[in-house]
Amino acid sequence: MVYVPIATYTSGQVPTEAQFNQIRDNFNALRYGEQLVKLYISSDQSVANATTTFIDWDSVVGTQVGTGWSMANQRRLYNDSGNDAIMTVNFNVEWLTSAVGERSAGVRRASDSQSFNLPSNGANQGGGNQSGLVELFLADGDYIEAFVRHTNGSTIGVHGGSDDRTHIFMSLAGLL
Amino acid sequence: MPFTEPPNWQIGQTPSHTDVNDVLASLEALRHLNDAAVRVYRTSDFTVSSSGVRTMLPWTNDAFNRGSLWSSGAATRKIAPLDGIYLHVAQAEWASNNAGIRGIGARINGSSPDYDQQFQTAQTGTPRTNSAEIFLLDAGDYVETYVYQSSGGSLGMVSGNFGDTWAGLRLLGTETFTPFWTDPRTWASGDKLHGWRLWTHWNDNLNALRYLGGQAAKVSLLENVSISPGERSPLSWGAAQIQVGNVWESGADLVAEVDGWYMLLVLLEWRNEPAGNVGAKRGCGYKIADPGASNYRSTNYDLQFQSGSQAGIRTNGKAFIPLRAGERVGVYGLHDAEQSLTINGGAPDRSRCSMHFHKGL
Chain A
737 MVYVPIATYT SGQVPTEAQF NQIRDNFNAL RYGEQLVKLY ISSDQSVANA
787 TTTFIDWDSV VGTQVGTGWS MANQRRLYND SGNDAIMTVN FNVEWLTSAV
837 GERSAGVRRA SDSQSFNLPS NGANQGGGNQ SGLVELFLAD GDYIEAFVRH
887 TNGSTIGVHG GSDDRTHIFM SLAGLL
Chain B
3 MPFTEPPNWQ IGQTPSHTDV NDVLASLEAL RHLNDAAVRV YRTSDFTVSS
53 SGVRTMLPWT NDAFNRGSLW SSGAATRKIA PLDGIYLHVA QAEWASNNAG
103 IRGIGARING SSPDYDQQFQ TAQTGTPRTN SAEIFLLDAG DYVETYVYQS
153 SGGSLGMVSG NFGDTWAGLR LLGTETFTPF WTDPRTWASG DKLHGWRLWT
203 HWNDNLNALR YLGGQAAKVS LLENVSISPG ERSPLSWGAA QIQVGNVWES
253 GADLVAEVDG WYMLLVLLEW RNEPAGNVGA KRGCGYKIAD PGASNYRSTN
303 YDLQFQSGSQ AGIRTNGKAF IPLRAGERVG VYGLHDAEQS LTINGGAPDR
353 SRCSMHFHKG L
């Protein structure tokens with residue numbers, strides 16, 4: 737849903753039908769979201785020991801509204817709003833194995849490689865599931881990638897198959 | 003571009019160009035973070051000198067600061083510029099140390115209660131705590147982000163980048179108006195454009211957008227709740243600190259009144275248990291029931307698991323959920339100790355959760 741700023745009116749000026757309809761579209765854009773997507777992985781993804789591994793998303797929950805994700809770039813969630821923006825990102829990870837080593841996860845912004853991390857779980861931390869929320873600045877055209885990492889000692893996996901397991905949500909919170 | 007409180011229109015009243023511009027400005031204000039949002043961080047590491055106390059974090063820089071919520075002269079405070087419901091999000095990154103517990107939370111106006119949000123067992127490596135909670139604030143109220151550690155001595159926190167240790171406060175909306183939303187009509191050539199109905203409609207929609215879509219609740223438990231090992235039974239929430247619309251009724255689940263994406267934040271405070279019954283896991287999650295159904299669907303959405311090997315664990319799960327009107331959300335605690343464990347209730351700063359409308363479906 738496209739939001740288009742409208743120039744202010746001067747005395748005596750009357751909006752046209754097209755301008756009234758753009759105001760309608762702007763209302764709807766705010767109500768229904770200009771940029772919003774929730775993704776998950778349809779199968780487990782392997783993660784080698786001590787290796788930062790990006791999640792290759794392949795399934796959408798509900799309806800995707802912008803944010804630039806596609807199967808051509810499975811790990812990237814773009815800000816394609818046409819504006820610099822603050823994005824809300826919710827990343828939830830479910831690990832298949834959790835008894836040994838540290839497990840960390842987060843999202844990395846492409847333009848400066850800054851990482852925004854989830855709560856990490858160490859050895860015997862009970863941890864199969866990590867849940868994080870960040871609100872970050874993302875320039876128009878910039879993107880984030882979600883990553884995981886562990887020190888289990890051998891390859892283990894993050895759990896996929898349905899949207900109650902490893903998933904990510906990103907939505908435009910607003911413009912600066 | 004400030005948000006302008008929409009007026010009430012009367013039959014026969016004709017809007018001026020100024021009225022049109024007020025609508026446009028208010029739309030822009032809503033689009034620009036509701037006019038109030040800040041994210042702060044530190045450019046240097048910070049040492050938490052005292053073990054076992056809650057230490058307010060002094061921030062050195064802001065990544066953005068719309069509405070002037072923060073200034074270096076009051077480095078620990080994020081100040082609400084307007085009455086409203088705010089989202090507080092924070093993260094702390096700790097130096098490697100595996101003794102005791104690490105926590106993060108929020109304090110309002112410098113006084114109790116302390117809202118512990120995520121407390122977890124310490125670990126080596128680069129442990130991180132991440133938290134999110136909504137608060138109802140008056141203009142001038144301030145929120146401080148604190149950290150807690152029980153290593154037994156001083157302990158460093160990693161800063162320097164704004165992805166390490168940071169906090170944010172953002173106005174989500176206000177509580178004091180009951181709005182409704184109606185999808186705006188499409189206009190065709192020759193339609194009458196200046197009717198008072200149009201303006202009433204627009205203004206109601208502006209209010210609906212400003213006031214959280216009319217859908218928000220923050221609830222807590224009236225008393226402690228015992229949870230059996232492996233049980234995922236939805237909790238019965240008994241008190242509301244925030245309520246907009248009909249997202250919750252006493253003793254019941256949270257429920258979507260309209261179709262939408264909802265943000266769910268779950269914060270559970272686990273009671274200290276005697277040695278021998280700590281188990282390996284403390285967690286939280288949710289499940290969904292169809293409209294009018296007594297049973298929940300089979301899918302369990304587990305959110306956050308943490309070790310139970312230290313006393314004082316708090317779990318904080320976050321999720322965005324697409325819900326149809328009438329669907330209910332049951333929030334549960336989960337553990338794998340050998341005997342039943344308890345989550346604390348009886349006060350707003352103990353086990354609690356919130357759900358609010360984020361966007362339409």
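So the protein lines, in turn, are chains A and B.
According to the numbering used here, the first sequence holds residues 737 to 912 in order.
According to the numbering used here, the second sequence holds residues 3 to 363 in order.
Glycine is no exception: its CB is placed at the ideal position from the N, C-alpha and C atoms.
Taking a Cβ-Cβ cut-off of 7 Å, the neighbours of V22 (chain B) in chain A comprise Y745 and P751, given in sequence order. Residues of chain A whose Cβ lies closer than 8 Å to the Cβ of Q119 (chain B) do not exist; the shortest such Cβ separation is about 11 Å. The alpha-carbon of T803 (chain A) is positioned some 42 Å away from that of S228 (chain B). Pairwise C-beta distances place the stretch 113-126 of chain B in contact with the stretch 92-105 of chain B, as three or more of them are shorter than 8 Å.
For D64 (chain B), the enclosing beta strand (DSSP E) begins and ends at N63 to R68.
Listed in chain order, the beta strand (DSSP E) runs fully inside the stretch 23-79 of chain B are 39-43, 48-50, 56-58 and 63-68, counting runs of at least 3 residues. Annotation: Cβ neighbours of T301 (chain B) in chain A (cutoff 9 Å, chain order): S898, D899 and D900. Excluding the 5 residues flanking it on each side, T344 (chain B) has same chain C-beta neighbours closer than 6 Å at N226, S228 and R273, in chain order. What N785 (chain A) touches in chain B, judged by beta-carbon distance under 7 Å, is nothing: the nearest beta carbon there is about 14 Å away. DSSP, read as helix, strand or coil, puts R212 (chain B) in helix. Cβ neighbours of A92 (chain B) within its own chain (closer than 6 Å, five residues either side excluded): I106, S133, T147 and A169. Chain B places a beta carbon closer than 8 Å to that of Q850 (chain A), counting this residue as a contact.
As summarised for the stretch 276-361 of chain B, there are no continuous alpha helix (DSSP H) elements at least 4 residues long confined to that stretch. DSSP places A219 (chain B) inside the beta strand (DSSP E), whose first and last residues are A218 to S222. By the C-beta density criterion, N853 (chain A) is buried, having at least 16 other C-beta atoms within 10 angstroms. The C-alpha of Y264 (chain B) is placed about 6 Å away from the C-alpha of M357 (chain B). The contact set of I880 (chain A) on chain B, defined by CB atoms closer than 7 Å, is empty, because the minimum CB distance reaches about 11 Å. Chain-order list of chain B residues neighbouring G864 (chain A): K283, G285, D304 and F307, by C-beta distance under 9 Å.
Interface residue (Cβ-Cβ distance to chain A less than 8 Å): L237 (chain B) is not classified as such.
Taking C-beta separations shorter than 7 Å and ignoring five residues to either side along the sequence, the partners of S778 (chain A) in its chain run D794, S795, G896 and G897, following chain order. F137 (chain B) and N888 (chain A) have their C-alpha atoms roughly 38 Å apart. For a Cβ distance threshold of 8 Å, residue set V91, Q93 and N132 of chain B lies close to V870 (chain A), ordered along the chain.
In terms of Cβ geometry, Q850 (chain A) and F66 (chain B) do not form a close pair [threshold 8 Å]. The alpha-carbon separation between V870 (chain A) and T131 (chain B) amounts to approximately 12 Å.
At a cut-off of 8 Å between beta carbons, T128 (chain B) contacts chain A.
Following the DSSP letters along the chain, one finds I106 (chain B) inside the beta strand (DSSP E) bounded by residues N99 to I110.
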